[in-house]
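Numbering (the numbering used here), first residue to last: 3 to 110.
Quick reminder that beta carbons are idealized off the backbone N, C-alpha and C, glycines included.
These notes are about the structure you will find just below.
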């Protein structure tokens, strides 16, 4: 599958928006999605990266790890990451893992 089947990037001014297009973010897709996201962030001068997860109904621990990794890299370079459009199920998973404050979530 092509990466663009999973993420639609939109770049404007100082913001990079990444719209996730699949209902699941799980282990078998997280590594190449992370690679794609990192390339988008490196090629963009955006100071703020927004993950829009409106279409995502389920994530697993590898997807959570991906978000943590991206957040850490952005923080080191003085940039911010925001997550929006989270379903109740995704919020429940992030709350269970006790990382909602770290990820600075905007609830759905």
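Task: residue 109 burial status per 10 Å Cβ neighbour count (16 or more: buried) - done: For the purposes of this step, residue 109 is taken as the residue at position 107 of the chain shown. The predicted model places residue 109 with a pLDDT of 48, which falls under 50 and marks its position as unreliable, so this point remains unresolved.
Task: residue 40 vs residue 75 beta-carbon contact at 9 Å - done: Numbered from its first residue, the chain shown carries residue 40 at position 38. Numbered from its first residue, the chain shown carries residue 75 at position 73. Yes; because the gap between Cβ atoms is below 9 Å, this pair is in contact.
Task: N- and C-terminal bounds of the beta strand (DSSP E) containing residue 16 - done: The residue you call residue 16 lines up with position 14 of the chain shown. Looking at the DSSP string, residue 16 is not in any beta strand (DSSP E), and its letter there is neither H nor E.
- [ ] Compute the Euclidean distance between the alpha carbons of residue 36 and residue 53, then round it to the nearest angstrom.
- [x] Within the chain shown, numbered from 1, the residue matching residue 36 stands at position 34. Within the chain shown, numbered from 1, the residue matching residue 53 stands at position 51. Cα-Cα distance, rounded: 12 Å.
Task: beta strand (DSSP E) runs contained entirely in the stretch 18 to 98, provided each spans 3 or more residues - done: 50 to 54 and 82 to 88
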